[in-house]
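First residue of the sequence shown: 5, per the working numbering; consecutive thereafter. Reviewing the structure listed below.
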Amino acid sequence: MLSHTSHMSVVISLGGSMVNGTGNPDLAFLKKFKSLLKGKENIGIVVGGGKLARDYVKAASNFSKNQFWGDSLAVQATRLNAALVTRVFKEEACPVVFQDFESAALASKEYRIVVMGGTIPGITTDTDAVLLAEAMDAKRLINISNVDGVYDSDPRKNKKAKMFKKMSYTQLMGLANASDTRKPGTNFVFDVIACKLAARTKMELHFVGGKNILDLSKALKGQPHRGTTIRGP
Ligand SMILES: Nc1ncnc2c1ncn2[C@@H]1O[C@H](COP(=O)(O)OP(=O)(O)OP(=O)(O)O)[C@@H](O)[C@H]1O
Ligand SMILES: [Mg+2]
Numbered sequence: 005m006l007s008h009t010s011h012m013s014v015v016i017s018l019g020g021s022m023v024n025g026t027g028n029p030d031l032a033f034l035k036k037f038k039s040l041l042k043g044k045e046n047i048g049i050v051v052g053g054g055k056l057a058r059d060y061v062k063a064a065s066n067f068s069k070n071q072f073w074g075d076s077l078a079v080q081a082t083r084l085n086a087a088l089v090t091r092v093f094k095e096e097a098c099p100v101v102f103q104d105f106e107s108a109a110l111a112s113k114e115y116r117i118v119v120m121g122g123t124i125p126g127i128t129t130d131t132d133a134v135l136l137a138e139a140m141d142a143k144r145l146i147n148i149s150n151v152d153g154v155y156d157s158d159p160r161k162n163k164k165a166k167m168f169k170k171m172s173y174t175q176l177m178g179l180a181n182a183s184d185t186r187k188p189g190t191n192f193v194f195d196v197i198a199c200k201l202a203a204r205t206k207m208e209l210h211f212v213g214g215k216n217i218l219d220l221s222k223a224l225k226g227q228p229h230r231g232t233t234i235r236g237p
């Protein structure tokens, strides 16, 4: 029996900065996050690596600067964070952390919530989230991170950075192009491949700050929120 086919699908790219931003899982955040996903939507969650991934990338860099292996370790870290998220939603989520989109999309017909971490080196969890959204025919993707939206430059480096309420895929791509070095563990808001894939599908993108987590309920419905929304060209 396929139980969730009639409900709208949404994918959440859950920044590792929220799940494990300090080296320890953020339980207060995870509990709040759980309480906000009580609706009927069919949800795919792709979890990032956070501090855990950065620590392992850094440790491994003492032995080799090879970027592939840095990324490979980071993927494993995202999967540990993702496994924790399956425990948070133990009643409704499939307990498997999927490593491919087809299996995740298939399981989402049976479970309300499916969870993934990263997939392969060189591909970020932002890109994985867009691909999962395509596979699940999700109308929108919500990115939750430790910034409240997309700025015209890194707000941690530039105090005068301004946040976009609305922007286009093209604008986002321009920003991503400037900051996305594709090195493991870099901090940026959304990567270039993710932008291109979202644009090809014209998927709605919502950037919501983990601290404004109540906005998640609004973003889930496609309603206005305090973060950044991308709907057009
Ligand atoms: N134009 C920008 N707008 C917003 N944030 C930016 C921008 N450029 C760089 N950043 C940085 O990106 C950071 C968020 O990305 P980061 O990779 O650290 O978190 P995440 O993606 O939530 O976590 P993870 O990568 O572990 O999944 C912000 O803290 C901010 O400093
Ligand atoms: Mg990131």
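For glycine and all other residues, C-beta sits at the position ideal for the given N, C-alpha and C. None of these values were measured; they are calculated from a predicted model.
Sheet register partners of residue i (DSSP bridge)
i, result
"F211", "N147, T232"
"V118", "G48"
"L179", "L179 pairs with nothing; no bridge assigned."
"Y155", "M167"
"I16", "I49, I146"
"A97", "I117"
"S172", "G236"
"F192", "F192 pairs with nothing; no bridge assigned."
"F105", "DSSP, once it has assigned bridges, lists no residue as partnering F105."
Short Cβ contact (9 Å threshold) for residue i with residue j
i, j, result
"V14", "V89", "no"
"A180", "G48", "no"
"G53", "G189", "yes"
"M59", "G25", "The displayed chain sequence assigns Asp, not Met, to residue 59. No. Outside cutoff."
"L145", "F105", "no"
"F194", "F168", "no"
"N216", "R204", "no"
"R116", "A97", "yes"
"E208", "T232", "no"
"N239", "L41", "Given that the chain is displayed from residue 5 to residue 237, the structure contains no residue 239 and the question cannot be resolved."
"V92", "K38", "yes"
"T131", "L201", "yes"
"S112", "N162", "no"
"A239", "A133", "In the structure as shown, the chain starts at 5 and stops at 237, and residue 239 therefore has no counterpart that could be examined."
"Q103", "K187", "no"
"F192", "D158", "yes"
"P237", "T174", "yes"
Integer-rounded CB distance, given that residue j should sit under 8 Å from residue i
i, j, result
"G74", "V61", "4 Å"
"D156", "K166", "5 Å"
"L176", "V154", "7 Å"
"G213", "S149", "7 Å"
"T185", "S17", "Rounded, the Cβ-Cβ distance is 19 Å, inconsistent with contact."
"A109", "M120", "Not quite, the Cβ-Cβ distance comes to about 10 Å (not below 8 Å), so this is no contact."
Are there three or more Cβ pairs, one per stretch, closer than 8 Å when the stretch 125-133 is compared with the stretch 67-81?
Contact holds between the stretch 125-133 and the stretch 67-81, because three or more Cβ pairs, one in each stretch, are under 8 Å apart.
At which residue ranges does the stretch 46-95 contain complete alpha helix (DSSP H) runs of 4 or more residues, listed in the order of the chain?
Fully enclosed alpha helix (DSSP H) runs of 4 or longer: 54-65, 71-92.
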